[in-house]
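Position 180, counted from 1, in the sequence shown is what my numbering calls 169; the numbers after and before it change by one each time, with no gaps.
Beta carbons are placed, not taken as given, at the ideal position from N, Cα and C, and that holds for glycine.
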Amino acid sequence: MVSKNKGLIIVFSGPSGSGKDTVLAELKKRDINMQQSISVTTRDMREGEVDGVDYFFTDVETFEKNITEGYFLEYVKYGSNYYGTPKKRIEELTDGGSNVFLKIEVEGAGNVRKVFPECVSIFVIPPSMEELESRLKGRGTETDETFNKRFATAKEEIKRACEYDYIVVNDSVSLCADKVCSIIEAETHKFSRMKALVDDMN
-10 MVSKNKGLII VFSGPSGSGK DTVLAELKKR DINMQQSISV TTRDMREGEV
40 DGVDYFFTDV ETFEKNITEG YFLEYVKYGS NYYGTPKKRI EELTDGGSNV
90 FLKIEVEGAG NVRKVFPECV SIFVIPPSME ELESRLKGRG TETDETFNKR
140 FATAKEEIKR ACEYDYIVVN DSVSLCADKV CSIIEAETHK FSRMKALVDD
190 MN
């Protein structure tokens, strides 16, 4: 009986306005082996969000207790709110053969790579900074102050794209999803990941 390969841990990052969520939504429509990690956060639930679907919502005291217990693979604090990735659930999914997407910021991505150096990291970028500016302004929810802050942050995050295995340009959601699928297919068939299957045949 052949051994079952572990699933991939796929770090998925990109600046605000790059279209990460839209690409992930497109990938979920496709018949691929994919699970998305659900983060834990202490921020308030927004209208339309569902606990356990969009995030696991908790309080600061519980979150900080979980930190001391080693519950998180990685966590960050933005302003007064924590965001973290539960480690055990990811290990359960990958041990079962599922590919797990972690949509996280560049800082958290670096922490994941330290724990799981075999992870596959993908950075999504817009086709140009002009397009990124247009997307952020097109939301209609940004004040001049928040836009300037997001745009400056995006520039800093793009500088760290060199830390990732793959760069994918999101000029078309469907084509971008195609590229991500190609990366997953290639990574799945690397010898280092297929070795157990080969060994079983010898």
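query                                                                                                                                                         : result
Considering Cα atoms alone, identify which of Ser123, Asn88 and Thr47 is closest to Ser26.                                                                    : Asn88
Which whole-angstrom value is the C-beta distance of Ser110 and Asp154, which I expect to be below 8 Å?                                                       : 5 Å
DSSP puts Pro75 in a beta bridge; with which residues?                                                                                                        : Phe61
Starting from the Cα of Cys108, find the closest Cα among Thr83, Lys9, Glu50 and Tyr71 and give me that residue.                                              : Thr83
Hey, would you say Val0 sits closer than 7 Å to Val162, going by beta carbons?                                                                                : no
Report the rounded CA-to-CA distance for Ser69 versus Asp48, giving the unit in angstroms.                                                                    : 11 Å
Take the Cβ of Ile(-2) as the centre, count every other Cβ of all protein chains shown within 10 Å, and call the residue buried at 16 or more, exposed below. : buried
Sorted by chain position, which residues of the same chain lie with C-beta nearer than 7 Å to Arg222's C-beta, five sequence neighbours on each side aside?   : No statement about residue 222 is possible, as the shown extent of the chain runs from -10 to 191 and does not include it.
According to DSSP, Ile111 sits in a beta bridge with which residue or residues?                                                                               : Phe1 and Tyr155
Within 10 angstroms of the Cβ of Tyr67, are there 16 or more other Cβ atoms? Answer buried if so, exposed if not.                                             : exposed
For Leu91, list the residues DSSP reports as bridge partners.                                                                                                 : Val0
Determine which residues share a DSSP beta bridge with Asn70 and list them.                                                                                   : Tyr67
What are the start and end residues of the alpha helix (DSSP H) that includes Asn137?                                                                         : Asp133 to Lys148
Which first and last residues belong to the alpha helix (DSSP H) in which Phe180 is found?                                                                    : Phe180 to Asp189
Determine the direct distance from the alpha carbon of Asp10 to that of Met183, and round the result to whole angstroms.                                      : 30 Å
Sorted by chain position, which residues of the same chain lie with C-beta nearer than 7 Å to Glu146's C-beta, five sequence neighbours on each side aside?   : Pro4 and Val95
Rounded to whole angstroms, what's the CA-CA distance from Gly85 to Ser28? Just pull it up for me.                                                            : 20 Å
Roughly how many whole angstroms lie between the Cα atoms of Gly59 and Gly97?                                                                                 : 15 Å
Is Ser2 buried or exposed, if buried means 16 or more other CB atoms sit within 10 Å of its CB?                                                               : buried
If you draw a straight line from the C-alpha of Phe136 to the C-alpha of Glu119, how long is it?                                                              : 13 Å
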